[in-house]
Amino acid sequence: MTVQKKKVLLAPLDPVHDIGLKMIKRGLDQAEHDTILLPPDYSPEEIIKTAMDNDVDVILISRTLGYRVAEILGSFIDLAEASGIRERVRIGIGGMAIRPELAAELGFDAGFGPGTTVEEAVAFVEGREYVKEDVSRSKFKKDMTEKYDYTFKNKRIENLLNAIVDGIIDYVKNKTTPGVERAKIRERMLESTDETEVLKLKKEYARLCDNVVKVYYDSGALKEKTRHLTAEELKALETYLEKLKLRINPLKLQHADKNPMVFIQYGTGCPFMDIAHIKTCEAWGADGVVHFDPSWGARTEGFFEGYITHEEDGSVITYENLRIIKDALMPSTLWQVRAHRGLNTPETVLLAGKVGADLTKINIAYGSLGGGTDPERLTVDAVAAIKYAARFDMPFDVVTNEELCGVPAHKAFAGMLIVTMLGLRLGAKPILQPLFCYSPEVMISGQMRDNYVDFNAAKISALRSILNAPIWCGAPIGFLTQTEDRVQSSLSTALHASLASVLGVDGISIASADEAYSGGPISVAARIDTLRATQSAFRFFGHAEITPTRNSEIWASQIVEGIESTLDSVAKNGNFVDALYRGLLGSRGEGAYPGRAGRGTVTSL
Amino acid sequence: MRIIGVAGTAKNTGKTTTISALLEGFSYLNNNVVGLTSIGYDGEEIDNVTGLLKPRLFLKRGSVVATAAACLRAGSAELEILETTDIMTPLGRISIAAVKSDGLAVVAGPNKSRELRRVLDRMTEKAGCDIILVDGALNRIAPMIETEGIILATGAARNPDVIELAEETGQICSIFKLPEAGKIYKQILGGFKTISVVNRDGTVEAIRYPALIHEDIIGALKAVLTEKACAIFIPAAVSQPVLNRLVDIFKNRLKGLTILLSDPIKLIIGGYPGDVMNTTKRIESFGGRIEVLKEVPVVAVTINPFYPRYRFETGVYEPGYVDEKFLREEIKKAVSLPVVNVLKDGPAELLKVLGFHKKG
């Protein structure tokens with residue numbers, strides 16, 4: 001279809017600003033329309049007279065908005081209308097403060113605010129409907145694991161891992177735990193349509209729970225500070241989501257193809273509030289969200305049921321809670337439900353799989369050395385959990401947060417690689433999750449005295465030299481480099497994100513700008529801070545590189561050597577669980593303490 | 606009076622409050638379908654410019670609203686679309702919708718006279734509206750030509766100096782009361798859409814411009830204005846400084862000459878009301894007259910003591926107020942129309958002025 005050539009008058013109804021109009025003029029000239037650009041500071045009468053004299057089809061006005069300017073623009077439109085030109089001339093307004101609502105109030109035919117493209121203005125001139133790129137449609141779920149074949153480049157490490165994992169698989173044979181058994185019962189409950197059977201199963205389930213959960217199944221009473229969402233609250237959530245669906249037009253964070261997927265973590269305690277945080281982050285471009293459960297949940301045998309909110313950090317895991325959160329997500333949003341620590345690991349992965357999560361998180365070493373769960377218990381539970389992850393085709397990351405306790409990176413990585421190999425052997429798809437932060441190890445040893453680049457780059461380089469697997473930096477990146485200053489925190493997050501991107505990792509988890517120092521709930525505005533900062537940093541670096549110093553290579557080699565010697569000691573020890581107790585993957589001196597929750601609960605079948 | 610416009614002299618002068626009061630008042634009248642539209646955007650929670658809280662628009666079940674696509678679900682009132690027009694706004698196409706359950710509404714209607722006319726016709730014919738309220742926007746007034754009468758909302762937001770505000774309000778009302786031209790001119794000038802000179806022999810000479818908004822246009826007019834002229838017809842906007850210049854140039858030829866305007870709004874939008882009044886007085890002092898082909902009656906003035914006080918040091922607005930009693934007294938002195946503070950007086954006085962009386 002040929003577009004009819006239009007005559008366009010571009011007029012800055014402004015003492016100074018006309019940059020936007022100049023850009024639009026260039027676009028219109030390229031599209032072969034006739035343009036007349038007036039200099040700034042013409043009066044409304046002069047602009048309208050020029051429009052009359054030149055028989056223009058469209059007038060584009062630009063104006064910064066300030067005190068009484070709305071009235072000036074209203075008068076301009078009135079004058080245009082009363083002068084009789086609005087019958088045939090369409091008038092648009094542009095400026096940094098212009099929104100469609102304001103353009104409507106001012107009486108213009110279109111409003112071009114921040115983020116307006118030249119194409120949008122050209123479409124208006126040509127009378128075409130401008131269809132904004134709907135990122136939610138063009139965005140799709142990415143499988144972080146798809147381009148990796150998990151080939152080991154370091155055969156010595158591969159052999160050591162195989163030996164250790166043989167031992168683990170052998171160790172857990174014929175062993176079970178209340179956590180493993182509850183997951184089996186939960187699955188039967190979810191699949192049963194027979195109410196009598198479900199009631200019977202619930203009783204069976206309750207027998208395997210701690211007292212606080214038993215009480216719930218007996219009497220319906222929840223633990224303190226915990227309650228069910230009301231019917232009104234659930235209805236309000238439905239209305240909120242319906243309204244939001246009409247308004248949400250998500251941003252895209254990535255500028256270059258190599259930019260990693262960006263995850264945020266939520267766990268406000270209330271599923272409704274979680275959803276509000278998730279929707280905000282989706283709108284500002286987050287690719288994935290991570291469900292944080294409460295720490296007491298990890299220490300308690302058994303799950304409650306229903307839509308539950310509570311007044312502490314972390315959101316309670318129930319089938320229903322996960323369901324409403326899942327239903328609120330944009331189709332393209334990756335969703336991870338963490339199961340890496342605690343006494344409900346198998347059931348968490350089962351529920352995540354049943355509800356339709358994309359990812360989960362399992363790590364025996366961290367969960368038992370930094371997460372407080374007994375090593376033997378978590379080993380048995382994790383094997384069952386990894387089997388669920390494999391069954392539901394749900395990749396899981398192996399986080400190395402024990403580094404934050406003080407465990408050196410090479411030991412944490414050794415633990416991560418053991419669970420990675422265990423995952424591979426059980427048919428699952430593990431993702432390496434090295435910390436990308438200012439850890440106690442480097443604080444003491446000084447690897448980050450000069451910069452945050454070298455040691456983080458060394459970690460990635462070390463892992464790459466061992467095996468071909470996806471890497472998702474966590475969690476969150478830049479941890480312990482952020483302060484109570486939101487600008488500083490956002491900048492630090494964005495710089496870490498850029499480094500991760502330059503190193504070619506697949507995903508990153510970012511914190512809000514107030515996460516480290518919030519002293520309570522994280523604010524939505526602070527979430528937007530770091531998402532926008534990350535977007536801006538991706539735009540800044542594009543495909544440009546960051547060059548680490550020579551130290552990075554040296555430290556990468558040292559990390560690999562450290563991993564090898566750690567694995568060697570674990571293999572020689574002959575029993576992985578015993579190695580955890582003995583501190584071979586992180587000692588008490590290094591800040592790692594074998595957890596006690598669930599101790600003595602492993603039984604032989 | 607069935608199509609009533611509420612025009613403001615500035616933002617925050619009380620248009621929405623006046624509309625709300627009328628909606629409430631009409632809700633007590635039985636068997637009347639009330640329609641609402643806006644020439645701008647109204648009903649939002651927070652002001653688009655000042656960031657201050659705004660009064661909301663509450664619609665009763667059974668009323669009708671004409672609003673843009675993006676606003677259909679922005680309020681709590683349940684709306685059922687009766688008709689979607691092809692009239693575009695920055696917020697999408699205008700639809701005419703029936704209110705199915707009471708609730709708040711956000712209204713963004715047609716912003717041009719011709720489109721407002723079409724919407725008003727459809728609201729009457731298709732939706733069966735007996736009364737239609739047309740909500741103004743900012744200080745905009747041009748599309749109000751399509752209404753049958755105007756309620757003028759003014760207040761401290763226009764000027765917190767009450768004396769100056771009262772004087773200006775009086776001047777605006779005086780311009781609205783410019784005398785109506787005789788039938789003969791209406792017959793002669795029916796088809797003319799540009800500035801024209803009517804000669805005593807009934808002939809008409811037109812120039813290409815519809816509006817008198819630039820001095821160059823006086824030059825074009827000069828070429829067709831002869832001794833035979835008895836009237837100059839300006840169908841579109843009239844800029845006061847240019848009209849003043851025209852008086853300077855033609856002062857010796859104004860005796861017996863009538864300057865005809867389509868309606869008073871074309872002059873009101875052309876300058877400060879005080880300056881406009883001075884110019885009309887100058888025309889009369891030289892023996893000329895200024896008349897309109899169509900009257901637009903102002904039926905009442907509503908007043909609002911509130912104004913958004915701008916804090917230059919912080920760059921934000923905060924609520925400010927002038928003395929309400931003083932404001933009311935001064936405006937009453939300046940206009941010969943009912944003066945109502947709807948927040949204090951309620952809608953009864955306005956309904957009476959408009960010819961509606963509470964039944965039962």
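Going down the list, the protein sequences come from chains A and B.
Using this note's numbering, the letters of the first sequence map in sequence onto residues 1 to 605.
Using this note's numbering, the letters of the second sequence map in sequence onto residues 606 to 965.
The beta-carbon is built from N, C-alpha and C at its ideal position, and this holds for glycine as well.
For GLU820 of chain B, the uninterrupted alpha helix (DSSP H) segment begins and ends at 820–827.
ARG88 of chain A and ASP55 of chain A have their C-alpha atoms some 9 Å from each other. Separation of the CB atoms of VAL940 of chain B and THR752 of chain B is rounded to 19 Å, and the pair is thereby denied contact status at 8 Å. With a threshold of 8 Å between beta carbons, ALA328 of chain A makes no contact with chain B.
Across the structure, ALA339 of chain A and SER445 of chain A are spaced so that their CA atoms are roughly 32 Å apart. Residue environment analysis places LEU73 of chain A among the buried positions, since at least 16 neighbouring C-beta atoms fall within 10 angstroms of its C-beta.
Counting C-beta pairs with one atom in each stretch, the stretch 563–582 of chain A and the stretch 152–165 of chain A have three or more that are closer than 8 Å, which means they touch. By alpha-carbon distance to ARG858 of chain B, the top candidate from B:GLY824, B:GLY893, B:ILE873, B:GLY875 is B:GLY893.
Annotation: the continuous beta strand (DSSP E) that includes ASN804 of chain B extends over 801–804.
Of the candidates A:ARG299, A:TYR217, A:SER439, A:TYR307, the residue whose Cα lies closest to the Cα of LEU237 of chain A is A:TYR307.
Buried is the label assigned to MET330 of chain A, since at least 16 other Cβ atoms lie within 10 Å of its Cβ. Per the C-alpha coordinates, the member of B:GLU934, B:GLY796, B:ALA953, B:TYR814 positioned closest to LEU898 of chain B is B:GLY796. Contacts with chain A (Cβ-Cβ distance below 9 Å) from the stretch 791–816 of chain B involve LYS798, THR799, ARG813, TYR814, PRO815, ALA816, listed in chain order. At the C-beta level, THR672 of chain B and ILE644 of chain B stay beyond 8 Å of one another.
Sequence-distant partners of PHE781 of chain B (beyond 5 residues in either direction) whose C-beta falls short of 6 Å from its own C-beta, in its chain, are PRO869, VAL903.
Distance from the CA of THR268 of chain A to the CA of THR373 of chain A, rounded to the nearest whole angstrom, comes to 23 Å.
For LEU684 of chain B, the number of other beta carbons within 10 angstroms of its own is at least 16, and it is reported as buried.
For the stretch 700–753 of chain B, the full-length beta strand (DSSP E) segments reaching 3 residues or more read 708–710, 736–740 along the chain.
THR614 of chain B is not bridged by DSSP to any residue. Assignment of HIS310 of chain A by DSSP, reduced to helix, strand and coil, places it in the strand class.
The beta carbon of TYR646 of chain B falls within 8 Å of a beta carbon belonging to chain A, placing the residue at that interface.
Within chain A, no residue has its beta carbon less than 9 Å from that of LEU956 of chain B; the closest one is some 27 Å off. Within chain A, the residues whose beta carbon sits less than 7 Å from that of LYS717 of chain B are GLU81, ARG86, listed in sequence order. Within 10 angstroms of the beta-carbon of VAL560 of chain A lie 16 or more other beta-carbons, which makes it buried.
Separation of LYS705 of chain B and LEU627 of chain B (C-alpha to C-alpha, rounded to the nearest whole angstrom) is 20 Å. Annotation: the continuous beta strand (DSSP E) that includes GLN433 of chain A extends over 430–433.
When the Cα atoms are used, GLN535 of chain A and ALA256 of chain A turn out to be separated by approximately 11 Å. A residue is called buried once 16 or more other Cβ atoms fall within 10 Å of its Cβ, and GLU105 of chain A is buried on that count.
When only Cα atoms are considered, ASP691 of chain B and ILE278 of chain A end up about 37 Å apart. Look at VAL165 of chain A here: in three-state DSSP terms it is helix. Considered as a whole, the stretch 270–319 of chain A harbours 271–283, 295–299 as its complete alpha helix (DSSP H) runs of no fewer than 4 residues, in chain order. A straight-line Cα-Cα distance of about 29 Å links ILE701 of chain B and LEU60 of chain A. Going by beta carbons, GLY179 of chain A and PRO408 of chain A fall outside the 8 Å limit. In the same chain as SER490 of chain A, and ignoring 5 residues on each side of it, the C-beta atoms closer than 6 Å to its own belong to ALA513, ASP529, THR530, ALA533, in chain order. Cβ neighbours of THR689 of chain B within its own chain (closer than 7 Å, five residues either side excluded): ARG698, SER700. Within the stretch 615–628 of chain B, contact with chain A at the beta-carbon level (separation under 8 Å) is assigned to ALA615, LYS616.
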